[in-house]
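First to last, the protein sequences are chains A and B.
What the first sequence shows, in the numbering used here, is residues 1 to 507, in sequence order.
What the second sequence shows, in the numbering used here, is residues 508 to 626, in sequence order.
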Amino acid sequence: MTLASVKGIALVGLRGELVDIEVDISDGLPGYSLLGLPDAALLESRERVRSALVNSGAPWPNKRVTVSLSPAWLHKSGSGFDLPIATALMIAQGLTSGNDLQRTIFLGELALDGSVRAIRGVLPALLSAAERGITSAIIPSGNLNEAMGIDEIKVIGISHLRDLIAFIENGEIPERDGEGAPNEPALAKVDLSEVVGQKKARFALEMAAIGGHHLLLLGPPGTGKTMLAERIPTVMPPLTQQQAIEVAAIHSVAGALIDRSAHSRTPPFVAPHHTTTTTAMVGGGSHFIKPGACSMAHCGVLFIDEAPECNVGVLDSLRQPLESGSIAISRASGTVTFPADFLLVLAANPCPCGRLNGRGRACTCSSVQIRRYMQRLSGPLMDRIDIRTFVEVPSRTELAAVEGGESSADVRTRVIAAREVALDRFRNLGWELNSRIPAKDLRQRFRATRDGMAFLHSELDHERLSARGYHKVLRLAWSIADRNGVTVPGLAEVQSAHQLREGGELA
Amino acid sequence: MKNRLAQIGANGETLVATYLEKQGAMILARNWRIKGGEIDIVARQGATLIFVEVKSRTSSRYGHPLEAISPEKALRLQRLALAWIATHDQWGADYRIDCAAVSYRNGLKPEIDYRLGVL
Numbered sequence: 001m002t003l004a005s006v007k008g009i010a011l012v013g014l015r016g017e018l019v020d021i022e023v024d025i026s027d028g029l030p031g032y033s034l035l036g037l038p039d040a041a042l043l044e045s046r047e048r049v050r051s052a053l054v055n056s057g058a059p060w061p062n063k064r065v066t067v068s069l070s071p072a073w074l075h076k077s078g079s080g081f082d083l084p085i086a087t088a089l090m091i092a093q094g095l096t097s098g099n100d101l102q103r104t105i106f107l108g109e110l111a112l113d114g115s116v117r118a119i120r121g122v123l124p125a126l127l128s129a130a131e132r133g134i135t136s137a138i139i140p141s142g143n144l145n146e147a148m149g150i151d152e153i154k155v156i157g158i159s160h161l162r163d164l165i166a167f168i169e170n171g172e173i174p175e176r177d178g179e180g181a182p183n184e185p186a187l188a189k190v191d192l193s194e195v196v197g198q199k200k201a202r203f204a205l206e207m208a209a210i211g212g213h214h215l216l217l218l219g220p221p222g223t224g225k226t227m228l229a230e231r232i233p234t235v236m237p238p239l240t241q242q243q244a245i246e247v248a249a250i251h252s253v254a255g256a257l258i259d260r261s262a263h264s265r266t267p268p269f270v271a272p273h274h275t276t277t278t279t280a281m282v283g284g285g286s287h288f289i290k291p292g293a294c295s296m297a298h299c300g301v302l303f304i305d306e307a308p309e310c311n312v313g314v315l316d317s318l319r320q321p322l323e324s325g326s327i328a329i330s331r332a333s334g335t336v337t338f339p340a341d342f343l344l345v346l347a348a349n350p351c352p353c354g355r356l357n358g359r360g361r362a363c364t365c366s367s368v369q370i371r372r373y374m375q376r377l378s379g380p381l382m383d384r385i386d387i388r389t390f391v392e393v394p395s396r397t398e399l400a401a402v403e404g405g406e407s408s409a410d411v412r413t414r415v416i417a418a419r420e421v422a423l424d425r426f427r428n429l430g431w432e433l434n435s436r437i438p439a440k441d442l443r444q445r446f447r448a449t450r451d452g453m454a455f456l457h458s459e460l461d462h463e464r465l466s467a468r469g470y471h472k473v474l475r476l477a478w479s480i481a482d483r484n485g486v487t488v489p490g491l492a493e494v495q496s497a498h499q500l501r502e503g504g505e506l507a
Numbered sequence: 508m509k510n511r512l513a514q515i516g517a518n519g520e521t522l523v524a525t526y527l528e529k530q531g532a533m534i535l536a537r538n539w540r541i542k543g544g545e546i547d548i549v550a551r552q553g554a555t556l557i558f559v560e561v562k563s564r565t566s567s568r569y570g571h572p573l574e575a576i577s578p579e580k581a582l583r584l585q586r587l588a589l590a591w592i593a594t595h596d597q598w599g600a601d602y603r604i605d606c607a608a609v610s611y612r613n614g615l616k617p618e619i620d621y622r623l624g625v626l
């Protein structure tokens, strides 16, 4: 047989398209042509596949080799097609029968010695393959940890091209020692108990976790804004199985599963530097569109330190994902949508010199400077921030305290309980978090008590609260009520919410 | 050293010429050389002119012999074939360009890998 066809998969965002890899070996001068819009990495597959085949003891056909990847109009990229091309070449040369492979996909990059290297995007590829009726998959053994938990597909990990030949021949993989899923990297364990004092900020943090309220931490340098933000994932409820798969799929496409186990239930924490570009924040790329920081933070926390120092437009690019929970990236090669439902946490100094605090000590900035500094956080973005809290310098007594603060586990228990109350209330309504209550429902079905509403109306009348602020305070009040075990938010909850929303306002 | 390589090449061409004759072709020219290069073998089989490029190798260390035919070399062969046709006033004749690889393995009979009409 001089013609062979096996299946691979090409990723467009998180969606995989099945790709037929056809190989034809015909008489003529030795040559190799690869058809079907390959990118540079894929064009180089010729050299990898050739060396890998020869070094695994398989012959290279010294004839005219034509490799075609169809559908031909789809841009294909990356090294994941090495393995299917090599397989098709072996079948076309009659080395293996290759019967019965029409429901099998192959993924993997080849090293020159024939060993199979891990690639990115294996998890979303397998999920898409399962939807398209594929029943088995052959993937690099280095990616096996991503495949756990996928039951619809029989997944076989191989580490060398020789194993593949053995597998196609008799359906078995020779055992090899010293391999398996890489260990989960030791994450720096952080806990809220390490934070001393900060009663207000702790409360704000808990509310953010309960209701999914976006948060702005204001405070002088060295007061612990970053420390607090890093600990938000530890008080959030663990990811559900569905969420964990979504998060792992995004990280897999970005090639970032080295930093994160594929089955971690911890919400991700992503902290891009303030010099980051818009593309890095929301995702992009010309042929292969990669998810950005805001998608990597899906179901977790996106923390931006020194937010006013961010480049123009970077923060505002977050407005679409903040609104819709996903981000659509359009390029010439097509449009890709990545989920991006994150908790936004911004940190900022209160002024350019950083020493402004409520007591007005030591700050050398003029009022114009301060106003200009805060103006860098645009109005539309700040409108989406529910909680603004001031992180105070810890006092001497707080620093001297022997006992640490409340631990993450304790706070998390309260957060989970409060979220369950909300979940119960919003059953069959299409949202789960207090911060997601639509304005219309807020005014009708989810009002506060009579005196709570009266307080809000008086604030509105005195123009101390915008219409949007009015809704935000109400949503926040629901989170506080859930935490305190109150069925409907009353005056106390509404006032407390109002303080949380407006608390960070200094100027 | 140079002599040895030339010897191997000439040997290979003779082997291919013999092979062609066995196939019923008539050898018209060997090593036809002009300013632009050289055609190893020109033959005629029936009404068809055959131009043959022969590559000989004593090991496969440098890859398959026919891989040595680069796109530039292929272009040159086509030009040479037309030049031969022009100088011998054979316009309109059917022709094809073949390639042959001759591999010598220690102590074994040389092997001919003959490919028809590859260019």
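Note that the Cβ used here is the ideal one computed from N, Cα and C, for glycine as well.
Suppose you measure from the CA of residue i to the CA of residue j; what does that come to, to the nearest Å?
{"i": "A/TYR373", "j": "A/LEU228", "result": "23 Å"}
{"i": "A/GLY180", "j": "A/SER141", "result": "With a pLDDT of 46 at A/GLY180, under the threshold of 50, the predicted position of this residue should be treated as unreliable, though the coordinate-derived value follows. Between A/GLY180 and A/SER141, the C-alpha separation is close to 7 Å."}
{"i": "A/LEU3", "j": "A/TYR32", "result": "14 Å"}
{"i": "B/ALA536", "j": "B/VAL523", "result": "13 Å"}
{"i": "A/SER51", "j": "A/GLY94", "result": "19 Å"}
{"i": "A/ARG265", "j": "A/ALA293", "result": "19 Å"}
{"i": "A/ARG419", "j": "A/ASP441", "result": "19 Å"}
{"i": "A/LEU110", "j": "A/GLY255", "result": "17 Å"}
{"i": "A/ALA340", "j": "A/ARG425", "result": "25 Å"}
{"i": "A/ARG427", "j": "A/GLU323", "result": "22 Å"}
{"i": "A/LEU35", "j": "A/LEU69", "result": "6 Å"}
{"i": "B/TYR569", "j": "A/ILE91", "result": "26 Å"}
{"i": "A/SER79", "j": "A/GLN369", "result": "51 Å"}
{"i": "B/LEU556", "j": "B/LEU587", "result": "13 Å"}
Does chain A have any CB closer than 9 Å to the CB of residue i?
{"i": "B/ASP620", "result": "yes"}
{"i": "B/LEU626", "result": "yes"}
{"i": "B/ILE481", "result": "With chain B covering only 508 through 626, there is no way to say anything about residue 481 of chain B."}
{"i": "B/LEU527", "result": "no"}
{"i": "B/LEU615", "result": "no"}
{"i": "B/LEU589", "result": "no"}
{"i": "B/LEU623", "result": "yes"}
How is the beta strand (DSSP E) around residue i delimited, first residue to last?
{"i": "B/CYS606", "result": "601 to 610"}
{"i": "B/TYR569", "result": "Here B/TYR569 belongs to no beta strand (DSSP E), and DSSP marks it neither H nor E."}
{"i": "A/ARG331", "result": "326 to 331"}
{"i": "A/SER190", "result": "What sits at residue 190 of chain A in the sequence shown is Val, not Ser. Note, A/VAL190: premise wrong, no beta strand (DSSP E); not H, not E."}
{"i": "A/ALA340", "result": "Run containing A/ALA340: none; DSSP gives neither H nor E here."}
{"i": "A/ILE304", "result": "301 to 304"}
{"i": "A/LEU216", "result": "215 to 218"}
{"i": "A/VAL368", "result": "Here A/VAL368 belongs to no beta strand (DSSP E); instead the alpha helix (DSSP H) covers 367 to 375."}
{"i": "A/ALA280", "result": "That residue, A/ALA280, is in no beta strand (DSSP E); its alpha helix (DSSP H) goes 278 to 282."}
Report yes or no: is there a C-beta of chain B within less than 9 Å of the C-beta of residue i?
{"i": "A/PRO272", "result": "no"}
{"i": "A/PRO185", "result": "With a pLDDT of 48 at A/PRO185, under the threshold of 50, the modelled position of that residue is not reliable, and the figure given next carries that caveat. No, A/PRO185 lies away from the interface with chain B (no Cβ there is under 9 Å from its Cβ)."}
{"i": "A/PRO30", "result": "yes"}
{"i": "A/ASP27", "result": "yes"}
Since residue i is in the alpha helix (DSSP H), which residue starts that stretch and which ends it?
{"i": "A/SER295", "result": "293 to 296"}
{"i": "A/GLU131", "result": "122 to 131"}
{"i": "A/PHE167", "result": "161 to 170"}
{"i": "A/ILE250", "result": "241 to 253"}
{"i": "A/ALA347", "result": "Careful: A/ALA347 lies outside any alpha helix (DSSP H), inside the beta strand (DSSP E) at 343 to 348."}
{"i": "A/VAL411", "result": "408 to 425"}
{"i": "A/GLY211", "result": "199 to 211"}
{"i": "A/THR226", "result": "225 to 230"}
{"i": "B/LEU589", "result": "578 to 594"}
{"i": "A/ASP441", "result": "439 to 444"}
{"i": "A/ARG396", "result": "396 to 400"}
{"i": "A/PRO380", "result": "379 to 383"}
Please compile the residues from chain E whose C-beta is within a distance smaller than 7 Å of the C-beta of residue i.
{"i": "B/HIS571", "result": "The structure shown contains no chain E; its protein chains are A and B."}
Problem - Complete beta strand (DSSP E) runs within the stretch 1 to 82 of chain A (minimum length 3 residues, chain order) - result: 3 to 12, 15 to 26, 31 to 35, 64 to 70
Exercise for the section: Run through the stretch 453 to 507 of chain A for me and flag every whole alpha helix (DSSP H) of 4 or more residues, listed as ranges in chain order. Expected result: Taken in chain order, the complete alpha helix (DSSP H) segments of 4 residues or longer contained in the stretch 453 to 507 of chain A are 467 to 484, 491 to 502.
Practice task
Report the residue ranges of all beta strand (DSSP E) runs contained in full by the stretch 535 to 561 of chain B; include only those spanning at least 3 residues, in chain order.
Solution key: 544 to 552
Problem - Contacting positions in the stretch 572 to 585 of chain B - beta carbon closer than 8 Å to chain A - result: LEU573, GLU574, ILE576, ALA581
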